[in-house]
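Undergrad: Protein chains in written order, with this note's numbering: chain Z, -5 to 398; chain P, 1413 to 1600.
Here it is, the structure in full.
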């Protein structure tokens, strides 16, 4: 299991390093054109990156917590939440109990922060506490604990700062280029060679921020999948996280205090837009339905069980980690799934009630000659008898559906 | 001549480094395993401490459950007295305690007043969570044992383990499910 996480981290590090290379290239180009000295540009880029990194490293978590208006709680303020965090701390083998924060917001979300496992915090919204049962909350906390244990918070902070630096540098450079014409080198008559370098440089300035963003999102999503897998392993109960994700996805409330910078820290992307499938390259989180599908397809709770479900769900050849790393994990015999907790069992009746209400409402619509179109994204469209068209657009995912 | 000496010397240094790193890794794993074992102890003790409180709260409400209550107290005292005994005897006593407790919590359904008692609800949460924590610490302990045993058995770390007398860790057996399930309560 640990070997596996190391192997996965190595891939993330390679991606992060390529982002660093991009940063250096930009610095080099900036120096070459504006300062007549490529090395100075390189150093400048590193200095900007270094300063931003230091701020993120030492102030990042307190900044994030105060930005989201989180308040710290102790054992007596919410014994259930405290207990669940402690359970997951034990299951993950974390040495120190993380600080627990509650964000007073009816949206359903949670995040973890802290640059290393000995100085970590988890924050959950009050909406999450109210809506989830014990098993579901355990799954979500397990996911956050995995982010702490796998040191994702640090990795994502490094990536985010690098992305920020690249964007800032590229933005300034393009502005300078457009307002002062080309740099000194090319105006000094560098000839054809100079022109080519200029072309490459401009190309780089436009492309680098986009590339960096894609790398950033790739790293982020990889870590999300791994955190899901680890959560299932800790709780031995992937259904808990799956049904929590389902509730979160169904909740229409958006988090008020989140912003673009803090988005990757959350369990699910706080900026879900209705009517757009959030499964493209520019998304920090994997599509929520896919995460649920993978978790539900698991036949055991081990990482290799998750890996198998992941491959099947995505039709992908490469899983969350190299097979050699997962072989060790398979030897752990005691990764069978456990039973739901007593609290979750008594809650079971509620969905049945919803099911019945839905059937009744379907019947009512039919009586009024409305047609019902089921969209693959899970939305039910009611089409009025007055509607004469053949196709209708799903307001949720944007697919065009035939009414007949 | 010198070249040969350099090569042999280099190999010796590398072997020595490998030995140190592997040995330290093994020590780290063993400490982790022992630490995980201690965690189980912490949680079991917590359960011993919670039970007298529970009895105190329940006493006023449960008039007809003397036997069930006594069984819990007896099982608790037995488990506590075996706290320094071997893993097998201990595991059995703890399971008996878990069984007696769940029997007691199952009859709570018949006492609506008790179910409304804030103090009882808090205790119930603590007990349920302690039960989970015992489970999770066993789970983590077994994971640590697995990792330790892998190192002790697999080449090349097994060479270092054999040289320094490292032994395999012992798994904390997962309890039989029927013992942990809440017993059916029937009233005749």
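We put the CB at the ideal spot given by N, CA and C, even for glycine.
Using the rule of at least 16 other Cβ atoms within 10 Å of the residue's Cβ for burial, across every protein chain shown, is residue 166/Z buried or exposed?
TA: Classification for residue 166/Z: exposed.
Undergrad: How is residue 1495/P classed by DSSP in three states: helix, strand or coil?
TA: Correct three-state label for residue 1495/P: coil.
Undergrad: Applying the 10 Å Cβ sphere with the 16-neighbour rule, what's the burial state of residue 296/Z?
TA: With 16 or more other Cβ atoms within 10 Å, it is buried.
Undergrad: I'd like to know whether the C-beta atoms of residue 66/Z and residue 94/Z end up nearer to each other than 9 angstroms.
TA: Yes, they are a contact pair.
Undergrad: What whole-angstrom Cβ distance do residue 23/Z and residue 198/Z have, given they're in contact under 8 angstroms?
TA: Going by Cβ atoms, the distance from residue 23/Z to residue 198/Z rounds to 6 angstroms, so yes, they are a contact pair.
Undergrad: Secondary structure at residue 55/Z, three-state DSSP: helix, strand or coil?
TA: Residue 55/Z falls in the helix class under three-state DSSP.
Undergrad: Three or more C-beta pairs closer than 8 angstroms, one from the region 1470 to 1477 of chain P and one from the region 1548 to 1560 of chain P: is that the case here?
TA: No, because fewer than three Cβ pairs between the region 1470 to 1477 of chain P and the region 1548 to 1560 of chain P fall closer than 8 angstroms, the two stretches do not touch.
Undergrad: I'd like to know if residue 1523/P contacts chain Z, where contact means its C-beta is closer than 9 angstroms to some C-beta of that chain.
TA: With 9 angstroms as the cut-off, residue 1523/P does not count as an interface residue toward chain Z.
Undergrad: At 7 angstroms on the CB atoms, spell out the chain Z contacts of residue 1544/P, in chain order.
TA: Ordered by position in chain Z, the residues that pass the 7 angstroms Cβ test against residue 1544/P are 81.
Undergrad: So residue 1451/P contacts chain Z; which residues on that side make the cut at Cβ distance below 7 angstroms?
TA: Within 7 angstroms Cβ-Cβ: 84.
Undergrad: Cutting at 7 angstroms between CB atoms, please list the residues of its own chain near residue 388/Z, excluding the five before and the five after it.
TA: The answer, listed in chain order, is 369, 371, 373, 375, 395.
Undergrad: Of the choices 360/Z, 119/Z, 382/Z, whose alpha-carbon is the least far from that of residue 105/Z?
TA: When each option's Cα is compared against that of residue 105/Z, the closest is 119/Z.
Undergrad: So which residues of chain Z does residue 1537/P contact, with C-beta pairs closer than 8 angstroms?
TA: Chain Z residues near residue 1537/P: 73, 74, 77.
Undergrad: For residue 1421/P, which of helix, strand or coil comes out of DSSP?
TA: It is helical.
Undergrad: For residue 1443/P, collect the residues of the same chain with a Cβ closer than 6 angstroms to its Cβ; drop the 5 residues on either side in sequence, then sort them by chain order.
TA: Same-chain partners within the cutoff: there are none.
Undergrad: Just the Cα atoms here: how many angstroms apart are residue 122/Z and residue 148/Z?
TA: About 25 angstroms.
Undergrad: Given that a residue counts as buried once 16 or more other Cβ atoms are within 10 Å of its Cβ, and exposed if not, what is residue 1476/P?
TA: Answer is exposed; the Cβ neighbour count stays below 16.
Undergrad: Give every residue of the same chain whose Cβ lies closer than 8 angstroms to the Cβ of residue 162/Z, excluding the five residues on either side of it in the sequence, and list them in chain order.
TA: Hits under 8 angstroms: 42.
Undergrad: Just the Cα atoms here: how many angstroms apart are residue 1457/P and residue 306/Z?
TA: Going by the C-alpha atoms only, they are around 44 angstroms apart.
Undergrad: Go ahead and label residue 232/Z buried or exposed: buried means 16 or more other beta carbons lie within 10 angstroms of its beta carbon, across all protein chains shown.
TA: Residue 232/Z comes out buried.
Undergrad: Excluding five sequence neighbours on each side, which residues of the same chain lie with their C-beta closer than 8 angstroms to the C-beta of residue 393/Z?
TA: Around residue 393/Z: 369, 370, 371, 387.
Undergrad: Using 8 angstroms as the cut-off, can you tell me whether the region 74 to 94 of chain Z makes contact with the region 1542 to 1557 of chain P, which would need three or more C-beta pairs spanning the two stretches below that distance?
TA: Yes: at least three Cβ pairs fall under 8 angstroms.
Undergrad: DSSP state of residue 1453/P, grouped into three classes?
TA: Three-state result, residue 1453/P: helix.
Undergrad: For residue 246/Z and residue 87/Z, I'd like the C-alpha separation in whole angstroms.
TA: Looking at the two C-alpha atoms, the distance is approximately 35 angstroms.
Undergrad: Under 8 angstroms, with one C-beta from each stretch per pair, do the region 142 to 158 of chain Z and the region 207 to 214 of chain Z reach the 3-pair mark?
TA: As far as the Cβ criterion goes, the region 142 to 158 of chain Z touches the region 207 to 214 of chain Z, which means the pair count is three or higher.
Undergrad: Going along chain P, which residues have a C-beta under 8 angstroms from residue 383/Z?
TA: Going along chain P, no residue has its Cβ under 8 angstroms from residue 383/Z, so there is no contact; the nearest lies around 55 angstroms.
Undergrad: On the DSSP bridge list, what partners appear for residue 386/Z?
TA: DSSP lists 395/Z as partners of residue 386/Z.
Undergrad: Give, in chain order, every unbroken run of the beta strand (DSSP E) that is at least 3 residues long and sits entirely within the region 23 to 87 of chain Z.
TA: You should have 64 to 67.
Undergrad: What residues in its chain sit with their C-beta under 8 angstroms from that of residue 397/Z, if we drop five residues either side in the sequence?
TA: Once the five neighbours on either side are set aside, the close Cβ partners of residue 397/Z are 365, 367, 377, 381, 383, 384, 385, 386.
Undergrad: If contact is defined by three or more beta carbon pairs under 8 angstroms, each pair taking one atom from either stretch, is the region 1449 to 1469 of chain P in contact with the region 1527 to 1543 of chain P?
TA: The region 1527 to 1543 of chain P is in contact with the region 1449 to 1469 of chain P.
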